[in-house]
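5 is the number of the first residue of the sequence shown in the numbering used here; add one for each residue after it. Backbone N, C-alpha and C define an ideal beta-carbon position, used for all residues, glycine too. Shown next, in structure tokens, is the structure this report addresses.
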Amino acid sequence: MANPVFNSDNFKQQASGGVQTPQTISASELEEMYARPSATPQDTGRVSYNDVILRTASQLAVVLVGALGLWFAGTMLGLGGTVGPATLIGAIGAIVLSLVNAFKKQPSPLLITLFSLAEGLFLGGISLTLDAMYPGVASQAVLATLCVFLVMLALFSSGKVRATARGMQIFMLASLGYAVFALVNFVLMITGVTEGMFGLRSGWLGVIVGVIAIVLAAYSLVMSFSMIQQGVRNGAPRSFAWTAAFGLVTDLTWLYLEILRVLSILREMADA
């Protein structure tokens with residue numbers, strides 16, 4: 005398929021040298037042109053930071069609705085039996101939709117919203133289960149996630165933390181190693197080789213792996229901030245705000261899950 009940029013009128017004009025018949029502009033017309041206000045991103049159809057903030061806030065609200073909805077159903081309505089199946093459906097849906105959204109050429113607001121809802125169901129079920137075992141751990145994880153997000157945003161805004169090529173390479177290698185470990189742990193847990201809620205991620209090994217995962221999730225936020233900054237500076241289309249929102253929601257939910265897990269492991273060790 006031909007690149008649409010090559011077929012645009014602007015590209016054809018540039019390819020032909022941009023030669024046009026000069027037009028005569030009067031002094032009053034020239035003065036009127038200079039007096040016009042500068043075009044905003046909304047006027048040009050380009051993404052702005054406000055677009056990203058609004059899309060991200062809307063998706064976090066969807067995550068919150070899914071999580072609190074399941075929490076309310078499991079505690080207030082006495083529908084505890086629905087928590088397990090809903091959590092499983094949310095986990096599977098979040099995995100499938102995250103892969104679909106990651107590989108789509110154009111962002112789909114509907115699919116991204118469905119991903120946020122599935123993520124909310126999953127996090128709500130996990131949070132409800134762990135908070136029942138270790139009261140207060142969910143609210144602690146939410147507060148810690150917010151603190152990490154604000155710190156990383158402040159460090160990025162001040163220029164003290166940046167997503168470098170070497171940093172991203174280390175991130176990819178470390179994430180791959182973490183994914184392999186998580187997969188092995190999952191297989192050992194479902195086959196009954198390891199016992200306990202966290203399998204190999206119990207005790208101090210679980211804490212160490214969890215801290216590494218938290219660092220990876222925090223750096224992933226920096227990478228998302230950098231992507232958003234480049235998108236706004238380069239005049240990306242407004243639809244890019246949905247891609248940015250998807251990335252930030254993924255980062256924040258991953259960060260929350262890892263913090264929740266580490267806090268739960270520490271509480272488990274303290275109660276032993």
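Problem - Runs of alpha helix (DSSP H) lying entirely within the region 152-225, each at least 4 residues, in chain order - result: With a minimum length of 4 residues, the continuous alpha helix (DSSP H) runs that stay inside the region 152-225 are 169-194.
Practice task
List the residues that DSSP assigns as beta-bridge partners of R50.
Solution key: Position 46 of the sequence shown, counted from the start, is the residue given in the question as residue 50. DSSP lists P241 as partners of R50.
Problem - Element boundaries [alpha helix (DSSP H), containing P113] - result: Indexing the sequence shown from 1 puts residue 113 at position 109. Unbroken alpha helix (DSSP H) run through P113: 113-137.
Handout entry: Assigned exposure category for V266 - 16 Cβ within 10 Å defines buried
Key = Numbered from 1 along the sequence shown, position 262 holds the residue referred to as residue 266. It counts as buried.
Practice task
Have a look at M231 and P111 and give me their C-alpha separation to the nearest angstrom.
Solution key: Position 227 of the sequence shown, counting from 1, holds the residue named residue 231. Position 107 of the sequence shown, counting from 1, holds the residue named residue 111. Answer to the nearest angstrom: the Cα atoms are 15 Å apart.
Practice task
Pair every Cβ in the region 210-227 with every Cβ in the region 255-266, then say whether three or more of these pairs are closer than 8 Å.
Solution key: Segments in contact, yes.
Handout entry: Contact the region 218-236 vs the region 164-179: 3+ CB pairs below 8 Å
Key = The region 218-236, when compared against the region 164-179, does touch it at the 8 Å Cβ threshold.
Exercise for the section: Could you tell me whether the Cβ atoms of L121 and G70 are closer together than 9 Å? Expected result: Within the sequence shown, the letter at position 117 stands for residue 121. Within the sequence shown, the letter at position 66 stands for residue 70. Taking C-beta atoms as the reference points, L121 and G70 count as a pair closer than 9 Å.
Practice task
Quick one: grab the DSSP three-state call for M231.
Solution key: Within the sequence shown, numbered from 1, the residue matching residue 231 stands at position 227. In the structure shown, M231 sits in a helix (DSSP, three-state: H, G or I).
Handout entry: Inter-stretch contact (C-beta, 8 Å, three-pair minimum) for the region 216-227 and the region 96-108
Key = Using a C-beta cut-off of 8 Å, the region 216-227 makes no contact with the region 96-108, since fewer than three inter-stretch Cβ pairs fall below that distance.
Exercise for the section: Look up G70 in the DSSP assignment and say whether it is helix, strand or coil. Expected result: As a first step, residue 70 must be located in the sequence shown, where it is residue number 66. In the structure shown, G70 sits in a helix (DSSP, three-state: H, G or I).
Practice task
Tell me whether M273 sits in a helix, a strand or coil according to DSSP, three-state version.
Solution key: The residue given as residue 273 occupies position 269 in the sequence shown. Three-state result, M273: helix.
Handout entry: Extent of the continuous alpha helix (DSSP H) run through G88
Key = Here residue 88 is taken as the residue at index 84 of the sequence shown, counted from 1. Where G88 is concerned, the enclosing alpha helix (DSSP H) stretches over 87-107.
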